[in-house]
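There are 4 protein chains.
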Amino acid sequence: MLYYLSDYTEGAHPRILERLQETNLVSQPGYGEDRFCAAAREKIRAACGKPEADVYFLVGGTQCNAVTIASLLQRWEAVIAADTGHINVHEAGAVEFTGHKVIALPQREGKLSADTVRDYCARFFADETHDHMPFPGMVYISQPTELGTLYTKAELSALHAVCGEYGLRLFVDGARLGYGLMSPAADLTLPELARLCDVFYIGGTKVGALCGEAVVFPRGNAPRHFFTLVKQHGALLAKGRLLGIQFDTLFTDGLYFQISRHALEMAARLKDLFLRKGIPLSVDSPTNQQFPILTPAQMQALDGKVLFEVWDTLPDGRAVTRFATSWATTEQQIDLLAALL
Amino acid sequence: MLYYLSDYTEGAHPRILERLQETNLVSQPGYGEDRFCAAAREKIRAACGKPEADVYFLVGGTQCNAVTIASLLQRWEAVIAADTGHINVHEAGAVEFTGHKVIALPQREGKLSADTVRDYCARFFADETHDHMPFPGMVYISQPTELGTLYTKAELSALHAVCGEYGLRLFVDGARLGYGLMSPAADLTLPELARLCDVFYIGGTKVGALCGEAVVFPRGNAPRHFFTLVKQHGALLAKGRLLGIQFDTLFTDGLYFQISRHALEMAARLKDLFLRKGIPLSVDSPTNQQFPILTPAQMQALDGKVLFEVWDTLPDGRAVTRFATSWATTEQQIDLLAALL
Amino acid sequence: MLYYLSDYTEGAHPRILERLQETNLVSQPGYGEDRFCAAAREKIRAACGKPEADVYFLVGGTQCNAVTIASLLQRWEAVIAADTGHINVHEAGAVEFTGHKVIALPQREGKLSADTVRDYCARFFADETHDHMPFPGMVYISQPTELGTLYTKAELSALHAVCGEYGLRLFVDGARLGYGLMSPAADLTLPELARLCDVFYIGGTKVGALCGEAVVFPRGNAPRHFFTLVKQHGALLAKGRLLGIQFDTLFTDGLYFQISRHALEMAARLKDLFLRKGIPLSVDSPTNQQFPILTPAQMQALDGKVLFEVWDTLPDGRAVTRFATSWATTEQQIDLLAALL
Amino acid sequence: MLYYLSDYTEGAHPRILERLQETNLVSQPGYGEDRFCAAAREKIRAACGKPEADVYFLVGGTQCNAVTIASLLQRWEAVIAADTGHINVHEAGAVEFTGHKVIALPQREGKLSADTVRDYCARFFADETHDHMPFPGMVYISQPTELGTLYTKAELSALHAVCGEYGLRLFVDGARLGYGLMSPAADLTLPELARLCDVFYIGGTKVGALCGEAVVFPRGNAPRHFFTLVKQHGALLAKGRLLGIQFDTLFTDGLYFQISRHALEMAARLKDLFLRKGIPLSVDSPTNQQFPILTPAQMQALDGKVLFEVWDTLPDGRAVTRFATSWATTEQQIDLLAALL
């Protein structure tokens, strides 16, 4: 069976397993106070060009989103997201579970524009009754987006500006951040991203780790007692070293970026393959997720041989699908897929 | 100053004040266990044609919505509402504060259609990843809607049917229910409403009471320990008699319906007045809220003399406004407004 | 039937009903923005000697507690209370429902001592693992307490001091505040109380109003957007005038204090009666609640003729009971009770 | 530096790392739907003698507690725990964050007795005002307790019985369950435990895994949509295989029990050592945590050479400390400690 289901269908990049092995008997305190976390924090600060950044390691993406959003919002505030945003669609209402509304606004190819945010805020504050409404307090975006697309530096700068105008915090969900930074289409570096938002996370789970996401408050602006808040959400890992070792490894010798580049190359080959076969793409994604629209005949050809996600079924019977690549995807797998199509 | 700001700008219908006076020294237990509440419950059950109904008296509308929705939803469930729905717009995120998402769907003139709900649910359950999403568990509608419009019996029946298909509870926010039942445009009786939904409330605050809403579970289907849940939300009134006396009065000799009819007649005059003056209405409302679109000149003519709500400003500078009538609106007030326009 | 069940078994002090009548047709905006609320706020500020105080009118006690506590605590904080405290025992977990722990500490006759609080805080901050624990953020006390006892000025000052040492806010639940201020045993004035805490409320429901509590932030220190938070909790009354008119009346010509004095006089007579009859009191209460311990024979003598609360049954079969007086208690009622005992 | 700080200061048992290595390139779906989780579930069911059990893998202990408790309680219910219980003390209010009160009751050596629970429930339901109070809905205990002690079969049976009487669910926090089952003092097997409670978890993190806890609903009685609830709490691991592989390994060839026995043997040596040196133990723990009371001189002797937790400082200056052993503790470490004391 060929797996294109997601970028988390195998274990971890071999270098990570090696490091877990090498460090296994080193005794260290728990809860992220170990020396591996300390080293990983330093390397992430350096990669972000932000020596003053606060860095916390959490286990998963929904957890990062819920903890971070709840911690940064005031009780009267809501978070703005694209209606396609992960927090609005696929997190089982985890943000609302913390007591906050997700204000879902229209997007284009998964991207929320600064104008959309500005328009919403302008109308909100012009409304005489806005004290009866949840206040916009944060903008949540994903880079890359849930549709594989990328915010440009100009677009992110514009969001940063509108957040400044209205006192909103800007949060970037980077579950697949490596694929956004290393894409040939990207014009945004990690330090630029760190400068343009209030908090973001660097996804590990989907970029070669067993688990783990690094939440970065670039200006040392973590909420007070964030450690306790993480614990309160059940998100504090006892053996924090598991996260520290992985991120230390990912940010040593550029492994994180190398993993990302590999998956992007495999995705580019996938894209070529689909286009060569005359298979249209639902969205033009420059990252590691590709969204081919397959005919029933093509679906049948792959049935039982290739695993991927079906996102939607069109009125004409064709299926919008998602194929994802990762550090574990091989050229041979692409060739096998090509043979089947 | 002429008040058309809302239907809650004066005290209470005089008959209510009289009854508060008459009963003032009668000693009764608290928390809704008094004989006035008992009498009011019986009269409401009779008016609904539902002798088995559970009836609880709460203080206000947002409170009713939050307590009832949170009590009837399972933790994994969300509530569907029109994007114009009060819970989605004007309740400061009170539903989300209880941990549940509001799924906002498109509407027409404030009304959510059964097809919209069915389409959402069908797509939800067809989605392979729906276990990662908040489950639809309830449909919330307002009768009349926030735009003054009315669901017909056919429309409500269709919503009832789709709720049955997908195991959703149907909740009708009746903050202004009297105006919906007594409108000449209405084709739905209170017993029919009670039969077609799982829970609804009969608004007192906006129909002549000082405060108070009667939450009705028509088939005796109140959630277990609803009393304790009401208390937990801080919504249990110590002197429950205040609510019991008011609803007992409102449901004696048809006062609730008489108050509603009066306000509707005043609203019909308002509507005539606007149309006669060539003032367009933003929506054709058959209830006690009217939504004239006023020119800047008209706005100026009323400035400092008439109070009403401004809902929106159009690109051409005109204002979409809301004028509401109540038991306290007089013909003289309509004449005064006519003179000003 | 004689009612000693509670201090909220009748309607309202007649002067309040009169004022509701007199003002009934005055049109005013909703949500506490009416002129009655404005007048009441001014009178309360004057009575507190705090012209800069923020004053909000809410409907009931549990509501006040939950909204105020949740609004003043940070997410990582808990509220300290006596283990007999109303929020710990009788509010159906309303504080926990907002996400915060109640730290219940031992008391004496319902009173929490500064030493108990200091000891808890000292141990908390000395504990190396305290970042894994909810931080103490507030002290909640009731004046009078749930057992009818009173904090002295010295005791409240000591609590104020320990709160200052540890950065805790001090919240005084004044559901029966009048009975605390007017008791012959009281050595604390309203301005002194206002100076010694961060927030308190002046109970209306149990002191002659139909409903309503005035939350006072004495130094103008209401949380940002408290109005919106009140709405989010479903605690914002549409016809805020109902609360404004009542508090305006209660704070005109000292009615609030006069009502309190009357109930206290009746309670003193009750106490005398019990002591004369050789009935022991469970606690020596100087306020409007009395706690006689009745024998089974005495219980039987009152059965079906007098209503009161049974708090506990002792191993020897006697019952700890509560008798409460109010504005509506008459000398005749005391005489009738005396005749029965 | 000698580490006795906790049982989670090293990586994982070597067999676990080997299996991660061996399975690394096996492609499998996410979210616990992989074949490793399936195999681990079967082995756990077999070990529990409960083929019908529902088994879910979560990441950490606080997370298990919060998700499971919130999912099994009704909204009006609270959870009873010993006042020393982990959920009451060391989880940053995670249970309250989900909206539920922890009712803390007195214990002996960390253990809650059936009589204490029965007495609380009897008083609760006898109280006329109990509808104003959070209902007891669950009993939470830890096996071993936070003080290292063990419930006997008789004690657990008695708790099971009282839970049955009052309709409470019984939840056993087994963060260190292996040490409870394998202790020479234990008289309770895993199948007996599974029969006597409604839900429990088998701790991995503290018994040789990198992370992970297996939540077991022994009678297939997982709450509906528990998967979605886990997601809503941010507790669903994308690469669920990480948990599946670990538990599959731990429950192959009795590794979980072998690890537990080893740590218990090391703890027994520690205990012997303390007693031989005349060092008193704060509690007589038969499990992997030992609580020696050290003099200032002894503390000084270990300073900078041995890491352990200080739990309390006694008035005479001595320190109550905790030393924990694990799979990674060696005889040599015990000898080194002996030499220092």
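Residue numbers (the working numbering), protein chains in the order written: chain S, 1 to 341; chain W, 1001 to 1341; chain Z, 2001 to 2341; chain H, 3001 to 3341. Glycine included, every Cβ here is placed at the ideal spot set by N, Cα and C.
With its beta carbon less than 8 Å from one in chain S, Lys2231/Z belongs to the interface. A distance below 8 Å between beta-carbons, with the five flanking residues on each side excluded, links Pro1134/W to the following residues of its chain, in chain order: Trp1076, Glu1077, Ala1078, His1100, Lys1101, Ile1103. For Arg241/S, the closest Cβ of chain Z is not nearer than 8 Å. Ranked by how close their Cα comes to the Cα of Thr1313/W, the residues Val89/S, Gly60/S, Asp127/S have Asp127/S in first place. Beta-carbon to beta-carbon, Glu1146/W and His1086/W are separated by about 6 Å, close enough to satisfy the 8 Å threshold. Within the same chain, Cβ atoms closer than 6 Å to the Cβ of Ala222/S are found at Asp54, the five residues on either side in sequence being excluded.
Within chain H, no residue has its beta carbon less than 8 Å from that of Ala324/S; the closest one is some 11 Å off. For Asp3115/H, the enclosing alpha helix (DSSP H) stretches over residues 3114–3126. With a cutoff of 8 Å on beta-carbon distance, Glu2155/Z and Val2283/Z are scored as not near each other.
By the criterion of a C-beta distance shorter than 7 Å, Asp1034/W is surrounded in its chain by Gln1028, Gly1240, Arg1241, Gly1244, once the five residues flanking it on both sides are discounted. With a threshold of 8 Å between beta carbons, Gln2021/Z makes contact with chain W.
Under the DSSP assignment, Asp3054/H falls outside any alpha helix (DSSP H), being part of the beta strand (DSSP E) whose first and last residues are 3054–3058.
Gln3333/H sits away from Gly3148/H, with the two beta carbons spaced by 8 Å or more. Chain H has a Cβ within less than 8 Å of the Cβ of Gly11/S.
Around the beta carbon of Ala2297/Z, a 10 Å sphere encloses fewer than 16 other beta carbons of the protein chains shown; the residue is thus reported as exposed. Within the stretch 3020–3052 of chain H, Leu3020, Gln3021, Thr3023, Asn3024, Leu3025, Val3026, Ser3027, Gln3028, Pro3029, Gly3030 place their CB atoms closer than 8 Å to a CB of chain S, listed in sequence order. Taking 8 Å as the cut-off, the Cβ atoms of Gly3011/H and Thr23/S count as close.
Against chain H, the beta carbon of Pro2134/Z has neighbours under 7 Å at Ala3092, Gly3093, listed in chain order. The beta carbon of Phe2200/Z sits closer than 6 Å to the beta carbons of Val2172, Gly2174, Val2216 from its chain, once the five residues preceding and following it are set aside; these are given in chain order.
Of all residues in the stretch 215–229 of chain S, those with a C-beta nearer than 8 Å to a C-beta of chain Z are Arg224, His225, Phe227, Thr228, Leu229, reading in chain order.
Here Pro3051/H carries a coil assignment [DSSP, helix/strand/coil].
A check of alpha carbon separations from Thr1329/W across Phe2036/Z, Leu2017/Z, Val2026/Z, Ala2047/Z identifies Val2026/Z as the nearest.
For Pro3136/H, the enclosing beta strand (DSSP E) has its first and last residue at 3135–3142. Of the candidates Met3001/H, Glu3309/H, Leu3264/H, the residue whose Cα lies closest to the Cα of Ala3186/H is Leu3264/H. Gly1099/W reaches chain S at Gly93, Glu96, Phe97, Thr98, Gly99, counting residues in chain order whose Cβ is nearer than 9 Å. Within the stretch 2296–2318 of chain Z, the residues whose Cβ lies closer than 9 Å to some Cβ of chain H are Glu2309, Val2310, Trp2311, Asp2312, Thr2313, listed in chain order. When the beta-carbon positions are compared, Val2095/Z and Leu2229/Z stay at least 8 Å from each other. For the pair Tyr56/S and Ala235/S, the Cα-to-Cα distance works out to about 11 Å. Around the beta carbon of Lys111/S, 16 or more other beta carbons lie within 10 angstroms, which makes this residue buried. Of all alpha-carbon atoms in Thr3062/H, His3130/H, Cys3121/H, the one lying nearest the alpha-carbon of Ala3161/H is that of Cys3121/H. With fewer than 16 other Cβ atoms from the protein chains shown falling within 10 Å of its own Cβ, Arg1219/W counts as exposed.
Using a CB distance below 8 Å, the part of the stretch 75–87 of chain S facing chain Z consists of Arg75, Trp76, ordered along the chain. Across the stretch 187–211 of chain S, CB contacts with chain H closer than 7 Å involve Thr205, Leu210, Cys211, in sequence order along the chain.
Linking Ala46/S to Glu52/S through their CA atoms gives a straight-line distance of about 10 Å.
Ranked by Cα distance from Gly3254/H, the first of Asp3007/H, Arg3015/H, Met3001/H is Arg3015/H.
At a cut-off of 8 Å between beta carbons, Ser3071/H contacts chain W.
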